[in-house]
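Here is the structure we will look at, set down as structure tokens.
There are 2 protein chains.
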Amino acid sequence: MSGAGAVRVVVVDDHPVVRDGLTGILGTEEGIEVVGEASNGREAVSVVRAGDPDVVLMDLRMPGGDGVEAIAELRRAHATRPRILVLTTYDTDRDVRRAMTAGADGFLLKDARRAELVRAVHDVAAGRPVLTAVALAALAGRRYEAELTDREVHVLRLVSEGLTNGAVARHLGIGEATVKTHLLHVYRKLGVGDRAAAVRVGWERGLV
Amino acid sequence: MSGAGAVRVVVVDDHPVVRDGLTGILGTEEGIEVVGEASNGREAVSVVRAGDPDVVLMDLRMPGGDGVEAIAELRRAHATRPRILVLTTYDTDRDVRRAMTAGADGFLLKDARRAELVRAVHDVAAGRPVLTAVALAALAGRRYEAELTDREVHVLRLVSEGLTNGAVARHLGIGEATVKTHLLHVYRKLGVGDRAAAVRVGWERGLV
DNA sequence: CCCGGGGTCCACCGATCGGTGGATGCGGCG
DNA sequence: CGCCGCATCCACCGATCGGTGGACCCCGGG
Chain A
876 MSGAGAVRVV VVDDHPVVRD GLTGILGTEE GIEVVGEASN GREAVSVVRA
926 GDPDVVLMDL RMPGGDGVEA IAELRRAHAT RPRILVLTTY DTDRDVRRAM
976 TAGADGFLLK DARRAELVRA VHDVAAGRPV LTAVALAALA GRRYEAELTD
1026 REVHVLRLVS EGLTNGAVAR HLGIGEATVK THLLHVYRKL GVGDRAAAVR
1076 VGWERGLV
Chain B
876 MSGAGAVRVV VVDDHPVVRD GLTGILGTEE GIEVVGEASN GREAVSVVRA
926 GDPDVVLMDL RMPGGDGVEA IAELRRAHAT RPRILVLTTY DTDRDVRRAM
976 TAGADGFLLK DARRAELVRA VHDVAAGRPV LTAVALAALA GRRYEAELTD
1026 REVHVLRLVS EGLTNGAVAR HLGIGEATVK THLLHVYRKL GVGDRAAAVR
1076 VGWERGLV
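As given, the protein sequences belong to chains A and B, one line each in that order.
Under this note's numbering, the first residue of the first sequence is numbered 876, with each subsequent residue one higher.
Under this note's numbering, the first residue of the second sequence is numbered 876, with each subsequent residue one higher.
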């Protein structure tokens, strides 16, 4: 792609420090050119339209315009054109799934070293997927990491606020026994034994 | 400090991208010179010894050598010489307190803009404290945010792993009733009513 | 010196929770 | 159409939890 020219990259992250780090690393690299920056998802869409990059480096959790939404938006316009490499702090199951189903082409952690990062950019530009070990496991593996239903997430969230099962039931207008059933399912899917541990794992996976 | 020369800075962060961003921003600035980098607390101590900087930019949460321990270690050697500016992602009460009591001179968030960062480095180099609004509130305010004792934090942490009160008791070699008392105190201090909510708040404050 | 507060410990009781073993209706998909 | 997964509902039991009311010790201030 982009024939003889360099790989054109747009960097999207809400932290100026991180943006500078990325442009610094990539900009000085032969064969890579940073053609734009954005600090959130909404900005990203317009910057990409203006810059027509080969690759977008995208953070997921940003204030004002979620990364996943931006990915989906970019994908709606064109199925393959800007390759999207997600660059985030944690590779939780949920983040990986959301990003990849939205149409991302790769997944890399922010603690990647310079060489890894450069290689990853070239890989996605060439159409090769980039995935961390955990990301692979989260995707390929039909691992025990079953996805929670909306209802289960909702119940877990209320429990994490300190509501008792009865209070959750009244809050949702359902029976207390039903709440317990939902929680039982949550425990199984999260691989825990009680509400306290469920809240912890839920938080780790960005559910609450 | 360092008379006519530039402010000498050492950058400590486990993410290469962030380190590059910081050195990129600071290195191109007139009056600032980056004289060393480290990727964890232990490295930081030796790099500082070798580089004799005016200011250390220190991340808190890093694998292999906690930032707080490194701060305390540096402070043991000299009370004021390398000014320490903590640069982290979240300014939770606990992080602020731990860092400042360990001997940090300033507290800044990673989403700070370039100008803020440069100004902060000069400020701490000159001996002026640098604090975010939240950091100020966490320190000055004798806010309701009562501090948990070590024992209470320990119990909460085990609870968040899914241990029952009895299991926690065996784990700590104490009675189950004692565990409950500790938890009762945790609930009061955190302003919650049960273990699930305690785990959530505990996580928010960086206790677990 | 004695008082008080914080941290740690314990026993008992009623309320809640986790687990079992069901049952019904509904929607998508082969 | 039949299967499957999701959501909803129910009753019952033993285990666990949250709350109360105390106890001890240590340390620092009046």
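Using N, Cα and C, we set each Cβ at its ideal position, and we do this for glycine too.
Pull up the DSSP beta-bridge partners for residue i, would you.
i, result
"threonine 903 of chain B", "Bridge partners of threonine 903 of chain B: none, in fact."
"glycine 911 of chain B", "B:Val885"
"methionine 933 of chain A", "A:Val887 and A:Val961"
"valine 1005 of chain A", "A:Gly981"
Taking 8 Å as the CB-CB cut-off, is residue i touching chain B?
i, result
"proline 891 of chain A", "yes"
"arginine 1063 of chain A", "no"
"serine 1035 of chain A", "yes"
"tyrosine 1019 of chain A", "With a pLDDT of 39 at tyrosine 1019 of chain A, under the threshold of 50, the predicted position of this residue should be treated as unreliable, though the coordinate-derived value follows. No - not a single Cβ of chain B is within 8 Å of the one on tyrosine 1019 of chain A."
"aspartate 986 of chain A", "yes"
"alanine 1072 of chain A", "yes"
"glycine 1016 of chain A", "Here glycine 1016 of chain A scores only 48 on pLDDT, less than 50, and its place in the model should not be relied on; the value that follows carries that caveat. Not an interface residue."
"proline 1083 of chain A", "One detail in the question is off: residue 1083 of chain A reads as valine in this sequence, not proline. It does; some Cβ of chain B falls within 8 Å."
"arginine 936 of chain A", "no"
"arginine 917 of chain A", "no"
"valine 887 of chain A", "no"
Who are the near neighbours of residue i in its chain, counting only those whose CB is closer than 7 Å to its CB and skipping five residues on each side?
i, result
"leucine 1082 of chain B", "Arg969, Leu1023, Val1028 and Leu1031"
"glycine 1041 of chain B", "Glu1051"
"valine 1054 of chain B", "Val1030, Asn1040, Val1043 and Ala1044"
"histidine 1046 of chain B", "Leu1033 and Leu1038"
"valine 1076 of chain B", "Leu1065 and Val1067"
"serine 1035 of chain A", "Val1074, Gly1077 and Val1083"
"glutamate 904 of chain B", "Val993"
"valine 996 of chain B", "Val882, Val884, Leu901, Ile907, Val930 and Leu960"
"aspartate 889 of chain A", "Ser914, Asn915, Asp934, Met937 and Pro938"
"histidine 1060 of chain A", "Glu1027"
"alanine 974 of chain A", "Leu935, Val943, Ile946, Val961 and Phe982"
"alanine 1000 of chain A", "Met876, Val882, Asp929, Val930 and Arg958"
Is there a C-beta anywhere in chain A that falls below 8 Å from the one on residue i?
i, result
"arginine 994 of chain B", "no"
"glycine 896 of chain B", "yes"
"isoleucine 900 of chain B", "yes"
"aspartate 970 of chain B", "no"
"aspartate 1069 of chain B", "yes"
"arginine 924 of chain B", "no"
"arginine 1075 of chain B", "yes"
"arginine 989 of chain B", "yes"
To which residues of the same chain is residue i closer than 6 Å at the C-beta, ignoring the five residues directly before and after it?
i, result
"glycine 978 of chain A", "Ile946 and Arg950"
"alanine 1084 of chain B", "For residue 1084 of chain B there is no data in the structure shown, the boundaries of chain B being 876 and 1083."
"glycine 942 of chain B", "Gly916, Met933, Asp934 and Leu935"
"leucine 1006 of chain A", "Phe982"
Whose C-beta lies closer than 8 Å to the C-beta of residue i among residues of the same chain, with five residues either side of it excluded?
i, result
"valine 892 of chain B", "none"
"arginine 917 of chain A", "Gly939, Gly940 and Ala945"
"arginine 1093 of chain A", "In the structure as shown, chain A begins at 876 and stops at 1083. Residue 1093 of chain A is therefore absent and cannot be evaluated."
"glutamate 991 of chain B", "Leu983"
Is the beta carbon of residue i within less than 7 Å of some heavy atom of the ligand PLP?
i, result
"aspartate 888 of chain A", "Of ligands this structure carries none, so the ligand PLP is not represented either."
Taking contact to mean at least 3 C-beta pairs separated by less than 8 Å, is the segment 928 to 945 of chain A in contact with the segment 881 to 890 of chain A? Using a Cβ-Cβ distance cut-off of 8 Å, the segment 928 to 945 of chain A and the segment 881 to 890 of chain A are in contact, since at least three pairs of beta carbons, one from each stretch, lie closer than that value.
Identify every run of the beta strand (DSSP E) within the segment 943 to 991 of chain B, keeping only runs that are complete inside it and at least 3 residues long; order them along the chain. Counting only runs of at least 3 residues, the segment 943 to 991 of chain B fully encloses the following beta strand (DSSP E) elements, listed from N- to C-terminal order: 958 to 963 and 981 to 984.
Three or more C-beta pairs closer than 8 Å, one from the segment 886 to 897 of chain B and one from the segment 888 to 900 of chain A: is that the case here? Touching, per the Cβ criterion.
Hey, is the segment 1065 to 1073 of chain A in contact with the segment 1069 to 1080 of chain B, meaning 3+ C-beta pairs nearer than 8 Å? Yes, since at least three Cβ pairs between the segment 1065 to 1073 of chain A and the segment 1069 to 1080 of chain B fall closer than 8 Å, the two stretches touch.
Indicate whether the contact test is met: 3 or more Cβ pairs, each with one atom in the segment 953 to 965 of chain A and one in the segment 902 to 914 of chain A, closer than 8 Å. Because the criterion of three Cβ pairs below 8 Å is not met, the segment 953 to 965 of chain A and the segment 902 to 914 of chain A do not touch.
Mind pulling the alpha helix (DSSP H) runs of 4 or more residues that sit fully within the segment 1023 to 1067 of chain B? Listed in chain order, they are 1025 to 1035, 1040 to 1047 and 1051 to 1065.
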